[in-house]
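Take a look at the structure below.
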Amino acid sequence: MTLFWLAVVGMLLGVAGFLFWPIVVAHEHYAKLGRRIEPLAAKKSKPMPVAAKVSVIETMSHKQRNIEIFKERLSELEAEKAQGNLDAAAFEQLKIELEKSLLNDVAIDSRPLVAAPLAVTAKHWFSGALMTLAVAVWSIGLYVSMGRSDDYTTRLAMQAQGTLKHLGEGQETQAMSSSTDPKAPDLNKAIPIIIEKLKQDPKNVAKWFLLANTYAATQQYAKAAETFLEIEKIVPKESPDYASVKGAYAQALYLANDEKITITVKAAIAETLALDSKEPNALVLKGVEAFEQEAYKQAIDFWEQAKGKANPQLIAQFIEPSIAAAQEKLGITPPSISNKSAINGTAKIQVTVDIAPELKSKVSADQVVFVFARPAGSKMPLAAERFTVKELPKTIILDDSKAAMPTAKLSSVASVDITARISLSGQAMPQEGDLFATQEQVAVSGAAPVKLLVNQIVGAATVSAPATAAATSSATLHLTVDITPELKAKVSPDQMVFIFAKPQGGKMPLAVERLTVKDLPANVVLDDSKAAMPTAALSSAEVVDVTARVSLSGGAIAQSGDLFASQEKVNVKQAKNPLKLIIDKVMP
Numbered sequence: 070m071t072l073f074w075l076a077v078v079g080m081l082l083g084v085a086g087f088l089f090w091p092i093v094v095a096h097e098h099y100a101k102l103g104r105r106i107e108p109l110a111a112k113k114s115k116p117m118p119v120a121a122k123v124s125v126i127e128t129m130s131h132k133q134r135n136i137e138i139f140k141e142r143l144s145e146l147e148a149e150k151a152q153g154n155l156d157a158a159a160f161e162q163l164k165i166e167l168e169k170s171l172l173n174d175v176a177i178d179s180r181p182l183v184a185a186p187l188a189v190t191a192k193h194w195f196s197g198a199l200m201t202l203a204v205a206v207w208s209i210g211l212y213v214s215m216g217r218s219d220d221y222t223t224r225l226a227m228q229a230q231g232t233l234k235h236l237g238e239g240q241e242t243q244a245m246s247s248s249t250d251p252k253a254p255d256l257n258k259a260i261p262i263i264i265e266k267l268k269q270d271p272k273n274v275a276k277w278f279l280l281a282n283t284y285a286a287t288q289q290y291a292k293a294a295e296t297f298l299e300i301e302k303i304v305p306k307e308s309p310d311y312a313s314v315k316g317a318y319a320q321a322l323y324l325a326n327d328e329k330i331t332i333t334v335k336a337a338i339a340e341t342l343a344l345d346s347k348e349p350n351a352l353v354l355k356g357v358e359a360f361e362q363e364a365y366k367q368a369i370d371f372w373e374q375a376k377g378k379a380n381p382q383l384i385a386q387f388i389e390p391s392i393a394a395a396q397e398k399l400g401i402t403p404p405s406i407s408n409k410s411a412i413n414g415t416a417k418i419q420v421t422v423d424i425a426p427e428l429k430s431k432v433s434a435d436q437v438v439f440v441f442a443r444p445a446g447s448k449m450p451l452a453a454e455r456f457t458v459k460e461l462p463k464t465i466i467l468d469d470s471k472a473a474m475p476t477a478k479l480s481s482v483a484s485v486d487i488t489a490r491i492s493l494s495g496q497a498m499p500q501e502g503d504l505f506a507t508q509e510q511v512a513v514s515g516a517a518p519v520k521l522l523v524n525q526i527v528g529a530a531t532v533s534a535p536a537t538a539a540a541t542s543s544a545t546l547h548l549t550v551d552i553t554p555e556l557k558a559k560v561s562p563d564q565m566v567f568i569f570a571k572p573q574g575g576k577m578p579l580a581v582e583r584l585t586v587k588d589l590p591a592n593v594v595l596d597d598s599k600a601a602m603p604t605a606a607l608s609s610a611e612v613v614d615v616t617a618r619v620s621l622s623g624g625a626i627a628q629s630g631d632l633f634a635s636q637e638k639v640n641v642k643q644a645k646n647p648l649k650l651i652i653d654k655v656m657p
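Under this note's numbering, think of the first position of the sequence shown as 70, with each following residue one higher.
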């Protein structure tokens, strides 16, 4: 913000220079002219102003010339009279006319030929200063009324609470958070600005989330809960984010009730988990309830489940310490969860991948190599990279920039298992015949470089049931996607169209394709090559719901006003191809 106001001051100084420069130049210019007639001015009792000096110079030169002309003409008349060419009466008449002419010429020449400028006085300096002040006040007033100062204030609020991602950009609620930085801005000042913006745009979900989280950050939990209830009215119930809103409401309600699991809080938790059994805020509260009832093992189970969708800050700052506390109650020595270096962004693992010479003949140069890190016992990758066999041997770096999802990063855990796999089919899901190598329990920070030599083959016994099913039957959906003419007229050709398949009741898409409205009608193929994640592919499900959605915001998360079409309970292996999706509905 300091840089911004320095820039403003710099521009105002430029304006002041523009206004004062003519005055300064005029003052210097006429001061130089005035110095040429200082001897004449010295005879005056008072010093002459600059402009008067200029007038004297110009007026005296012309007056002197007129007098000289008068004398010459008078001499000529006297000569004519002496020679007898003019009598006394004619001479006197012409002399009177000549004198009148001289008087008229002198009267005219008493004004300068070029109008002298006004004297540069204090009045002119004051006028310039007044104009500069007017420009400054007008500019700042215009910026306040039409500019983005309020957005900067709300951005400060966001920074003070941690990373808040809005709906349309992957909304997450920040659990158990408050600003403790003594240098943090006063968030209370941001609240009225956000409220005023919401009066102008009451359907702005992102601003509502910002208001709710700002209330929470300033420990106004009752108001935060009320705000989340308002958000529930705006977010469509079929939206994937509806359960997150309910979970955030349950959390705010818990904090507003002095951190007690009341009947109202229990009801809010139950409603949330009925919508999404993996919603992290509700699971965290279930764990708290179990811990208070000394059901420590059950509390650990809830918190472990919460880690699946919780953001890294919640995991590091609350879930992991809570699990450790529960383990200590059970007499279990918890593993070290001190991972400050990872949280600070130093979670980094160097991995060198190569293939055993005896297996090189079994693969082609263009086949895909997947390298990923995931927590022990979990299928969710925290970091992943892909390249081709012809690049082997290859050294890569796994860190948070390679996260498969923004809510699951390498820095959220202390150690991981690392796997390198050459996919013979090119698909992300492992299949029989794929080649692989694995190293377990690798520290995410400070670990020695990892070397993986691909020397094992995925056998029938090691292939999971879903993957085996995929290997023996085609998991492919052929779709024809179009939009009704009346709705097509309401959107622009460049707006995004998301086509995805996800399991019934699930939120994680198993296959995704992205087009634009101008591509419609379009033929789309969804299969394992369109998997959003290596561990969640179309072949891992038997029945899916298929949706095509035009996103008005351009974001992947559904919002009110988006256009869509969907077909539920589509059997992946027995679907009648092609499926037809005609976008003809508007999301409430």
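From the three backbone atoms N, C-alpha and C, an ideal C-beta is built for every residue, glycine too.
Predicted model only: the values in this text are computed from it and were never measured.
Problem - Spatial distance of residue 470 from residue 480 (CA atoms) - result: Numbered from its first residue, the sequence shown carries residue 470 at position 401. Numbered from its first residue, the sequence shown carries residue 480 at position 411. Residue 470 and residue 480: Cα-Cα distance of roughly 10 Å.
Handout entry: Backbone CA spacing between residue 589 and residue 596 [nearest angstrom]
Key = Within the sequence shown, the letter at position 520 stands for residue 589. Within the sequence shown, the letter at position 527 stands for residue 596. Residue 589 and residue 596: Cα-Cα distance of roughly 20 Å.
Practice task
Within the stretch 580 to 632, note down every full beta strand (DSSP E) run reaching 3 residues or more, in order along the chain.
Solution key: 580 to 585, 591 to 595, 612 to 620
Practice task
Tell me whether residue 34 sits in a helix, a strand or coil according to DSSP, three-state version.
Solution key: The structure shown does not extend to residue 34, since the chain is modelled only from 70 through 657, so no value can be given for it.
Problem - residue 295, enclosing alpha helix (DSSP H) - first and last residue - result: As a position in the sequence shown, residue 295 is number 226, starting the count at 1. First-last of the alpha helix (DSSP H) with residue 295: 290 to 303.
Practice task
Specify the secondary structure class of residue 565 as computed by DSSP and reduced to three states.
Solution key: For the purposes of this step, residue 565 is taken as residue 496 along the sequence shown, with counting starting at 1. In this structure, residue 565 counts as strand in the three-state DSSP scheme.
Problem - Through-space distance from residue 334 to residue 322, alpha-carbon basis - result: In the sequence shown, counting from the first residue as 1, residue 322 sits at position 253. In the sequence shown, counting from the first residue as 1, residue 334 sits at position 265. Straight-line Cα distance between these residues: approximately 6 Å.
Exercise for the section: Please confirm if the stretch 301 to 309 is in contact with the stretch 620 to 631, defined as three or more CB-CB distances below 8 Å between the two stretches. Expected result: yes
Practice task
Please state if the CB of residue 439 and the CB of residue 494 are separated by a distance shorter than 8 Å.
Solution key: Looking up residue 494 in the sequence shown gives position 425. Looking up residue 439 in the sequence shown gives position 370. The answer is no: Cβ separation not under 8 Å.
Practice task
Take residue 608 as the anchor and find which of 387, 499, 562 has the nearest alpha-carbon.
Solution key: Within the sequence shown, residue 608 is the residue found at index 539, counting from 1. When each option's Cα is compared against that of residue 608, the closest is 499.
Practice task
Throw me the rounded Cβ distance for the residue 548 and residue 641 pair, which I believe falls under 8 Å.
Solution key: Residue 548 sits at position 479 when you count from the first residue of the sequence shown. Residue 641 sits at position 572 when you count from the first residue of the sequence shown. Incorrect: roughly 13 Å between the Cβ atoms, too far for contact.
Handout entry: Cut-off 8 Å between Cβ atoms - residues of its own chain near residue 460, not counting five sequence neighbours on either side
Key = In the sequence shown, residue 460 corresponds to position 391, counting from 1. The residues are 438.
Practice task
Report the rounded CA-to-CA distance for residue 366 versus residue 262, giving the unit in angstroms.
Solution key: Against the sequence shown, residue 366 aligns to sequence position 297. Against the sequence shown, residue 262 aligns to sequence position 193. If you take the alpha carbons of residue 366 and residue 262, they lie about 45 Å apart.
Practice task
Drop a sphere of 10 angstroms on the beta-carbon of residue 450, count the other beta-carbons inside from all chains shown, and report buried for 16 or more, exposed for fewer.
Solution key: Residue 450 sits at position 381 when you count from the first residue of the sequence shown. Counting Cβ neighbours within 10 Å, residue 450 comes out buried, since at least 16 surround it.
Problem - Start and end residues, alpha helix (DSSP H) containing residue 278 - result: Numbered from its first residue, the sequence shown carries residue 278 at position 209. First-last of the alpha helix (DSSP H) with residue 278: 274 to 286.
Exercise for the section: Could you please give me the residues that DSSP links to residue 635 through a beta bridge? Expected result: On the sequence shown, residue 635 is found 566 positions in, with the first residue counted as 1. Answer is 616.
Problem - Backbone CA spacing between residue 292 and residue 389 [nearest angstrom] - result: Here residue 292 refers to the residue found at position 223 of the sequence shown. Here residue 389 refers to the residue found at position 320 of the sequence shown. Residue 292 and residue 389: Cα-Cα distance of roughly 29 Å.
Practice task
Flag this pair as touching only if the stretch 508 to 518 and the stretch 414 to 423 have three or more C-beta atom pairs under 8 Å; answer yes or no.
Solution key: yes
Exercise for the section: Report all residues from its chain with a CB closer than 8 Å to the CB of residue 519; omit the five preceding and five following residues, and keep chain order. Expected result: In the sequence shown, the residue the question calls residue 519 occupies position 450. Only 418, 419, 420, 421, 487, 508, 511 meet the Cβ criterion.
Practice task
Rounded to whole angstroms, what's the CA-CA distance from residue 271 to residue 320? Just pull it up for me.
Solution key: Numbered from 1 along the sequence shown, position 202 holds the residue referred to as residue 271. Numbered from 1 along the sequence shown, position 251 holds the residue referred to as residue 320. Going from the Cα of residue 271 to the Cα of residue 320 covers about 24 Å.
Practice task
For residue 439, write down the residues that DSSP places opposite it in a beta bridge.
Solution key: Reading the sequence shown from its first residue, position 370 is the one you call residue 439. DSSP, once it has assigned bridges, lists 455, 490 as partnering residue 439.
Handout entry: Contacting residues, own chain, Cβ-Cβ under 7 Å from residue 399 (five flanking each side not counted)
Key = On the sequence shown, residue 399 is found 330 positions in, with the first residue counted as 1. Closer than 7 Å at Cβ, skipping near neighbours: 365, 366.
Practice task
Answer with yes or no whether the minimum CB distance from residue 460 to chain D is below 8 Å.
Solution key: Protein chain content of the structure displayed is limited to a single chain, and chain D is not contained in it.
Practice task
Quick one: grab the DSSP three-state call for residue 421.
Solution key: Working through the sequence shown from its first residue, we reach residue 421 at position 352. Three-state result, residue 421: strand.
Exercise for the section: Kindly give me the distance between the Cβ atoms of residue 570 and residue 612, rounded to whole angstroms, as I take these residues to be in contact under 8 Å. Expected result: As a first step, residue 570 must be located in the sequence shown, where it is residue number 501. As a first step, residue 612 must be located in the sequence shown, where it is residue number 543. The Cβ separation is near 10 Å, so there is no contact.
Exercise for the section: Sort out for me which residues DSSP pairs residue 484 with in a bridge. Expected result: As a working note, residue 484 is residue 415 in the sequence shown. Paired residues: 512.
Problem - Beta-carbon proximity check, residue 566 vs residue 650, cutoff 8 Å - result: Locating residue 566 in the sequence shown gives position 497, counting from the first residue. Locating residue 650 in the sequence shown gives position 581, counting from the first residue. Not in contact: residue 566 and residue 650 (Cβ atoms no closer than 8 Å).
Problem - Own chain partners of residue 347 with C-beta closer than 7 Å, once the 5 adjacent residues on each side are dropped - result: For the purposes of this step, residue 347 is taken as the residue at position 278 of the sequence shown. The residues are 374, 377, 378.
Practice task
Give me the Cα-Cα distance between residue 456 and residue 467, rounded to the nearest whole angstrom.
Solution key: Numbered from its first residue, the sequence shown carries residue 456 at position 387. Numbered from its first residue, the sequence shown carries residue 467 at position 398. Roughly 13 Å between the two C-alpha positions.
Handout entry: Simplified DSSP state of residue 162, which is helix, strand or coil
Key = Counted from its first residue, the sequence shown places residue 162 at position 93. Here residue 162 sits in helix by DSSP.
Practice task
Between the Cα of residue 580 and those of 561, 616, 337, spot the shortest distance and give me the residue it belongs to.
Solution key: Position 511 of the sequence shown, counted from the first residue, corresponds to residue 580. Ranking the options by Cα distance to residue 580, first place goes to 616.
Practice task
Look at the alpha carbon of residue 33 and the alpha carbon of residue 505, and state the distance between them as a whole number of angstroms.
Solution key: There is no way to answer for residue 33, as the model of the chain reaches only from 70 to 657.
Problem - Opening and closing residue of the beta strand (DSSP E) in which residue 463 lies - result: Counting from one through the sequence shown, the residue named residue 463 turns up at place 394. Residue 463 -> beta strand (DSSP E) spans 463 to 468.
Exercise for the section: Within the same chain, show all residues whose beta-carbon is closer than 6 Å to that of residue 311, passing over the 5 residues directly before and after it, in chain order. Expected result: Residue mapping note: residue 311 aligns to position 242 of the sequence shown, counting from 1. Excluding sequence neighbours, residue 311 sits near 304.
Practice task
Have a look at 501, 637, 638, 619 and flag the residue whose alpha-carbon is nearest the alpha-carbon of residue 655.
Solution key: One-based indexing of the sequence shown puts residue 655 at position 586. Considering only alpha carbons, the answer is 619.
Exercise for the section: Keeping to the same chain, check which residues put their C-beta closer than 6 Å to that of residue 266; ignore five residues upstream and five downstream. Expected result: Residue mapping note: residue 266 aligns to position 197 of the sequence shown, counting from 1. Result list for residue 266: 276, in chain order.
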